[in-house]
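Since the structure comes first, as structure tokens, the remarks are kept for the end.
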Amino acid sequence: MATLKELAELVGGKVVGDDRLEILRVAPIDSAGPGEITFVANPKYLPRLAETRAAAAIVSAGIESPGLPLVVCANPYLAFAKILTCLQPSRPQPQGVMAGACVDPSAHLAEEVTIHPGCVVGPGVRIGRGTILHPGVVLYAGVEVGADALLHAGAVVREGCRLGDRVILQPNAVIGSDGFGFAPDGSRYYKIPQVGIVVIEDDVEVGACCCIDRAAMGVTRIGRGTKIDNLVQIGHNVAIGEDTILVAQVGIAGSTVIGNHCTFGGQSAVVGHIKVGDNVMLGGQSGIAGNTEGNQVLSGSPAMPHREWLKASMSFAKLPEMRKELTRLRRQLDEMETLLKEKSQG
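The numbering of the sequence shown is the numbering used here, which starts it at 1 and goes up by one.
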């Protein structure tokens with residue numbers, strides 16, 4: 001619980017109304033009630049402020065009070081996230097190594113670590129202060145996990161891989177699986193040993209059932225603050241920059257370098273062995289097929305500037321009609337050529 005004044009100070013905003021009002025939790029605008037604060041980040045929801053039963057609301061500057069206290073700030077959506085973090089229940093008390101967990105004697109566990117039943121922690125593993133391993137997490141030999149990390153049920157981190165501070169792995173994420181490397185040998189394929197590792201830097205979140213392959217040699221790297229949605233595949237020796245967003249079912253082929261602050265829409269893909277610059281936005285189901293400069297919005301496959309893709313998409317729907325017209329014009333042209341030929345011979 002916190003007062004509106006405390007919440008406003010947390011988000012760098014100001015209170016319009018009773019700043020001593022106590023808030024228990026955050027709730028959606030349609031279902032919020034007494035003791036709850038809601039937020040409006042999208043202007044289309046502003047009319048609902050007059051109808052909400054919330055005790056208070058988080059809004060941007062210039063919004064007039066509809067009869068309830070307001071926390072006015074520059075970024076209501078970010079303020080909502082910070083206030084939600086503040087009001088949610090704190091982490092449970094550390095429980096140490098619980099019965100049913102298997103921890104190798106050579107593993108080093110910092111203070112306030114929680115390891116739930118069914119976890120396996122291999123030889124030489126190092127786990128930082130306050131980290132939580134939920135049931136069924138497996139850490140192979142030599143893995144390093146930083147402080148305050150959260151590894152959900154079924155997550156697997158293979159040998160030698162390194163996770164930074166405050167990394168979150170959602171259920172069944174796999175870090176350090178073998179890269180897809182095979183050398184042709186006549187009509188067969190010879191497996192190339194994948195002897196590198198994966199390094200995941202601080203404040204990265206990896207979604208459920210993601211696979212991040214270990215490098216063939218060297219490092220597959222995920223930069224600080226990057227957020228990866230569910231069911232994303234990242235190939236071996238990929239390097240992804242800082243604060244990049246990969247939405248569900250993105251695929252990044254091996255040895256590709258992705259810049260900082262990029263956003264890739266769902267089911268988009270990037271071929272291997274290329275470079276993509278900073279601040280690239282890639283639309284859903286689009287594909288990048290070559291080196292790409294930064295500061296672009298791209299769509300389509302192969303990807304092109306978004307405005308060009310919009311024009312091309314509009315034309316695509318007209319292709320059957322255009323083909324008929326082209327066939328008609330070609331027929332007329334053939335008839336004219338025949339007449340001209342006959343006339344010239346006559």
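Beta carbons: idealized from backbone N, C-alpha and C, even for Gly.
Query	Result
Between which two residues does the beta strand (DSSP E) holding Ser-299 run?	296-299
With a cut-off of 8 Å, do at least 3 Cβ pairs link the stretch 263-281 to the stretch 243-250?	yes
Per the contact definition of three or more C-beta pairs closer than 8 Å, is the stretch 92-105 in contact with the stretch 20-27?	no
From what residue to what residue does the alpha helix (DSSP H) around Leu-10 run?	4-11
Please determine, among Thr-114, Pro-105, Ala-56, the residue with the shortest C-alpha to C-alpha distance to Pro-66.	Ala-56
Touch check for the stretch 72-91 and the stretch 101-108: three-plus C-beta pairs under 8 Å?	no
Look up Thr-360 in the DSSP assignment and give the residues it is bridged to.	Here the chain covers residues 1 to 346 and nothing more, so residue 360 does not appear.
In this structure, how does DSSP classify Leu-21 when only helix, strand and coil are distinguished?	coil
According to DSSP, what are the bridge partners of Ile-222?	Ile-200, Ile-240
Grab the span of the alpha helix (DSSP H) containing Glu-321 for me, first residue to last.	319-345
How would you label His-134, buried or exposed, when you count the other beta carbons within 10 angstroms and need 16 or more for buried?	buried
Taking Lys-311 as part of the alpha helix (DSSP H), name the residues at either end of that continuous run.	306-316
Quick one: Cα of Val-297 to Cα of Leu-282, how far?	6 Å
Extract the residue ranges of the beta strand (DSSP E) inside the stretch 161-208, only unbroken runs of 3 or more that lie entirely within it.	174-177, 182-185, 188-191, 197-200
Could you say which of Ile-175, Thr-338, Ala-8 lies nearest to Gly-220 if we only look at CA atoms?	Correcting the residue type first, residue 220 is Thr in the shown sequence and not Gly. Nearest of Ile-175, Thr-338, Ala-8 to Thr-220, Cα basis: Ile-175.
Run through the DSSP bridge pairs and tell me what Ile-274 is partnered with.	Answer is none; Ile-274 lacks a bridge partner.
Quick one, which of Val-71, Thr-52, Gly-294, Met-322 has its alpha-carbon nearest Asn-279's?	Gly-294
Go to Lys-14, then tell me how far its beta strand (DSSP E) extends in each direction, as first and last residue.	14-16
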